[in-house]
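As you go down the protein sequences, you meet chains A and B in turn. Using my numbering, you'd call the opening residue of the first sequence number 800 and step up by one each time. Using my numbering, you'd call the opening residue of the second sequence number 800 and step up by one each time. The beta carbon of each residue, even a glycine, is placed where N, CA and C say it ideally should be. Okay, so here's the structure we're looking at.
2 protein chains.
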Amino acid sequence: MSRPRPLSGFPEYTPEQRIIEQYVLDRLRETFELHGFASIETRAVEPLDRLAKQGEIDKEVYVVQRLHAAEDAKAELGLHFDLTVPFARYVLENAHQLQFPFRRYQIQKVWRGERPQEGRFREFTQADIDIVDNTTLAAHHDVELPLVTLQALERLHTDLGLPPVLMRVNNRRLAQGFYAGLGITDTAAVLRQVDKLDKIGPDKVIELLIEQGLSDAQAQACVGLADISTADASFVDQVRALGVTDPELDEGLALLAAVVETAHRHVPGRLVADLKIARGLDYYTGTVYETELVGFEKWGSVSSGGRYDSLASDGKTTYPGVGLSIGVTRLLAPLFSRGLLTASRPVPTVVLIAVDNEESRDDAIAVAERLRSRGIATEVAPKADKYGKQIRYADRRRIPYVWFGVPPHSEVKDIRTGEQLPVDPGRWEPEGVDLKPTVRGPA
Amino acid sequence: MSRPRPLSGFPEYTPEQRIIEQYVLDRLRETFELHGFASIETRAVEPLDRLAKQGEIDKEVYVVQRLHAAEDAKAELGLHFDLTVPFARYVLENAHQLQFPFRRYQIQKVWRGERPQEGRFREFTQADIDIVDNTTLAAHHDVELPLVTLQALERLHTDLGLPPVLMRVNNRRLAQGFYAGLGITDTAAVLRQVDKLDKIGPDKVIELLIEQGLSDAQAQACVGLADISTADASFVDQVRALGVTDPELDEGLALLAAVVETAHRHVPGRLVADLKIARGLDYYTGTVYETELVGFEKWGSVSSGGRYDSLASDGKTTYPGVGLSIGVTRLLAPLFSRGLLTASRPVPTVVLIAVDNEESRDDAIAVAERLRSRGIATEVAPKADKYGKQIRYADRRRIPYVWFGVPPHSEVKDIRTGEQLPVDPGRWEPEGVDLKPTVRGPA
C-alpha cells in the first residue's frame, strides 16, 4: 500500500486549518441564531428527477447507487448540488408541521461534478439562510437577508481579519419590466448575453443582442441598464433617465431601492445596486445577490442567492422563499492555500500533564480530570519520558503550559516564558487568551 | 408536483429535533476537546479499492459517479461507510505534517446501503475519537479511550436524561492466545461461531464448533471462555481456572485487566470485561469495545470500536491506532420516534419585536440589533398585525417574550405569565434559563 494522494476538488484540512474553519462556522451559526434562524440538515441525496429540474446544473450531479445494485437497476438518487433545492423539498414534505414564515439556516457539504480549479470544488461547505412563507412572502425579507449575511461576513472581517465584502444586488423583475417596456419578450435570452458584460465588454454584447434580433436602440438600452450601479437609491433616477416605462419595472425599482436604502442605514458601504447582476440558476424570480471579497474580486462570489417564488410547490400550495448562501470553502480555501490564516495552536489542549513514571499515570489522570471539570482542555503525556522530552511534546503542538507533580506538590510551567509556579489543580487558571486556540487572518 | 415522501433509511429531523441533536453534538465536541482531541473532517468519498479492502462491508457501499460520465467509465469512488477507514487514509496522506501520537475526533455522516430497519440507517452521524502513533502505540491509550467515551455518554445521561450505558470490553489477543493454547489455529472461524452465542445459545454453538473439527473439550472451553463477564479484574482468575496457558493469552489478560481496573476507579459501574464480544470488522487486532443503553439493549451497540494495529500502513511505516465511535443517530433516532426528547422551543429566538406599522419596521430592526449585540436572539415580527396576532406568532413557536414600542417607551411581555414591564434595550436581559432553548430527555 503506497502513500495515498489527494483527490482533486475534494479539499481536506489540517487540524490547524480545521480549527479556523470551526471558528468561522461557529460564528456564522451564532449570527444566524441571533437572528432567529433555526437549524435544519437535509440528507445528502435527493431523487435525481428533483435535482434534474434545475436545467443548467444537471450535468454536474453525482449519481449514487449501491455497489451491488441489480445490473439493470436505474439510478434514482444523486448528491445535492446546493442546499436550496433540498430545502424546498423539505418544506413541502414537512409543511404540515412547520410554522410559516419559516426561517432556517443550514450548514452542510454539497457536491458538484465540476472540473476542479482554484475556487471551484467538487465537495464544499455552504452556509445558507432562507425564509419561506405560505402563498406570499413579504418584501421586507428581501431586505432582511442581506443584512444578516453582511453582519455575518462583517464579523469575519473584524474578528478574523478576512477582507471586507461588497454585496451587489439586482432584481429580475426590474430587468424583465424594463425589457417588456422596450418590447422585448425573451428576457432569458437577453440576460444570458448581458451576463457576459464583464468578460467581453459592452460593444461585443450589443453586437450579440443585435444578432439575436434586437434593434440597435433596444441593445443600447439593455447595456445602458446593465451599466448602472449605485451605493444608494440614485440608480432609480438613472433608470428613469433611459425613458422606459412599465409597471413591473416600477415594482422592481421600488423593491431594489428598499434593499439598498435599508442596507445603507445598517451596514453602510457594504451593498450596492448593480443592474448587471443576473445569477445563473433558473429558479430566481426577484431580488438576486452576489458578494465579492474586496481586493479579491477574481475569486468570484463568496455569497449568493435570491428570491424564488415558485421553487417549492406541491400543486396546491406554493411556498415562496428568499435565501442567501455563504460559500465557506470558497471563502477559506484560497486563504489557506496562501497561508493567510493561522491558529495559535493545532490542538485544543491548554496544558499537558507530565508523567513521572507509568505507575503514577493514574495520579496524572486524576489531576487532568480536575482541570477538565473546570473547562480546561488537558492532555496527559503519552510517555513517562525525561521532562525535557515531555516539554518538547507540548512545544511541537504549541500547547502553552506543562504541569508537573501531584498535589500538594504541583507546579505549572509556561513553556513560552519558562516561568514555573506552584499551583493547585482546584484553582489554577490559564491566561484567558490561552483557554481556546485563537485564529488570525491576513489583516 | 406532489408532496414528496421521506426516503427510507435517510432520517431527517424537525427543527426541534435538530436543536436536541445540536445540543448532543456540542457536548460531545466539548468533551473530546477537553481531552485534547483535535477535529478533522475527511471528504465523503474514498477510492472504491480502499473501501473494498474491508471484506465484509463492501456489499453495502454506495458508489458515486458523475451523471454524465462516459458510458464505459469505471466507477472509482464510493461514500465512506465509517470514519475509521478514511481516517487511516488521512493519516497516511498527511503523516509528514502530523505530530504523533495524533489524537483526533471526527463528527460526520456515513452511508451504508443496508436494508433500513429500526436502528439501521443508510445515512447516519457518527462521532469518533482515535489515537494513532508511529510504529507502536502505548497500551494505556486502550484504557484512555473508553474513559473519554464513557464521560461523554455520562454527560448525556446526567444533563439530558438519556439512559445510562454499559460498555463491554474484550481483547482479541486474549481469545487468540486462549485458542492457540488449546491447539486451535483458525481463530476467525471459532470467533464467527462464538459470536452467535446470544442468538442461538451455548449448546448450538458447541455443536457448530465440533462440526468445524474441534474436540468436545476444545468446544466446551471456547464457550466457557465466552461465558465469562466481570465488572472487575476477577475474570483473570476465571480464565486461569479453565487451565489454558499461552504467552499471548497472558498479554491479553493483562491488557484487558488494565482497562477494567482503571475504568472501575474513574467511571464505576459503566464498564465490564465480557469475553464473548467479537466485533465484526476485520481490522481490529486487540481491545474491542461495545456499548449498550441500559434497558434498551435490543437497540444494539451505541458506541463501538477497538485497536487496529495494521490498518494504516504505507508499506514502510505502520501507524497503529485505537478508536471508539459513538452512533449519534442510533442513539437519538429511537428516542425521537418515541417522543422521549423535547426542546423548550423549536427556534433559537428569545424575544419577538412587535411591529406597529410597516413604516416603523426600521425602528424595530434597530431595537433588535441592540439586543443581538448583547447575545439575545431576536426576531422582528413579519407583519404589522394586531398585537394579539403578533403574540400568537411568538406563542406558536414558544418564543417566551414579546417586545412592544421603541425607546424610551419600550415594554416586554413574558407571554407565559402575562407580566409586562417597561424596559431599556441597552439593559434588558431575559431569565437566564430562557436565553437558549433547553432540552429534556426521558428521565
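The alpha helix (DSSP H) with residue i in it runs from where to where?
i	result
residue 1195(A)	1186-1195
residue 1168(B)	1160-1171
residue 1203(A)	Taken as a continuous stretch (DSSP letters only), residue 1203(A) belongs to no alpha helix (DSSP H), being part of the beta strand (DSSP E) at 1200-1203.
residue 999(B)	996-999
Does the beta-carbon distance from residue i to residue j come in below 8 Å?
i	j	result
residue 887(B)	residue 1111(B)	yes
residue 1176(B)	residue 1189(B)	no
residue 1123(A)	residue 1104(A)	yes
residue 1165(A)	residue 1202(A)	no
residue 1099(A)	residue 921(A)	no
residue 956(B)	residue 963(B)	yes
residue 860(B)	residue 874(B)	no
residue 930(B)	residue 940(B)	yes
residue 1146(B)	residue 1076(B)	no
residue 835(A)	residue 1178(B)	yes
residue 833(B)	residue 1127(B)	no
residue 1074(B)	residue 1025(B)	yes
residue 1061(A)	residue 966(A)	no
residue 839(B)	residue 846(A)	no
residue 1241(B)	residue 917(B)	no
residue 971(A)	residue 1083(A)	yes
residue 1102(A)	residue 924(A)	no
residue 892(A)	residue 803(B)	yes
residue 927(B)	residue 905(B)	yes
residue 819(B)	residue 1149(B)	no
residue 1051(B)	residue 982(B)	no
residue 1182(A)	residue 937(B)	yes
residue 1200(A)	residue 1214(A)	yes
Quick one: grab the DSSP three-state call for residue i.
i	result
residue 1145(A)	coil
residue 1213(B)	strand
residue 1028(B)	strand
residue 1108(B)	strand
residue 1087(B)	strand
residue 830(A)	helix
residue 820(B)	helix
residue 1140(B)	coil
residue 1178(A)	strand
residue 1004(A)	helix
residue 815(B)	helix
residue 1016(B)	helix
residue 1239(B)	strand
residue 1157(A)	helix
residue 843(A)	coil
residue 1132(B)	helix
If I'm right that residue i touches residue j with Cβ under 8 Å, what's the distance once you round it to whole angstroms?
i	j	result
residue 883(B)	residue 1119(B)	Not a contact, Cβ separation roughly 13 Å.
residue 1048(A)	residue 1085(A)	Contact flag wrong, Cβ pair sits at about 13 Å.
residue 876(A)	residue 844(A)	4 Å
residue 1211(A)	residue 1220(A)	6 Å
residue 953(A)	residue 1035(A)	About 26 Å separates the two Cβ atoms, so there is no contact after all.
residue 1144(B)	residue 1197(B)	4 Å
residue 1029(A)	residue 974(A)	Rounded, the Cβ-Cβ distance is 16 Å, inconsistent with contact.
residue 979(A)	residue 1045(A)	5 Å
Taking the beta strand (DSSP E) that residue i belongs to, which residues open and close that run?
i	result
residue 1011(A)	Element bounds for residue 1011(A): n/a, residue is neither H nor E.
residue 1234(B)	Premise fails: residue 1234(B) is in no beta strand (DSSP E) and is neither H nor E.
residue 1119(B)	1117-1126
residue 1221(B)	1219-1222
residue 1152(B)	1150-1152
Taking 8 Å as the CB-CB cut-off, is residue i touching chain D?
i	result
residue 937(A)	Although the question refers to chain D, the structure presented lacks it and instead comprises the protein chains A and B.
Worksheet item: Residue ranges of each beta strand (DSSP E) run of no fewer than 3 residues wholly in the segment 933-994 of chain B, ordered along the chain?
Response: 964-970
Discussion item. Just to confirm the assignment: which complete alpha helix (DSSP H) runs, minimum length 4, are found wholly within the segment 847-928 of chain A?
Written reply: 847-851, 883-893
Worksheet item: Where are the beta strand (DSSP E) runs, 3 residues long or more, that stay fully inside the segment 1033-1104 of chain B, in chain order?
Response: 1070-1073, 1086-1092
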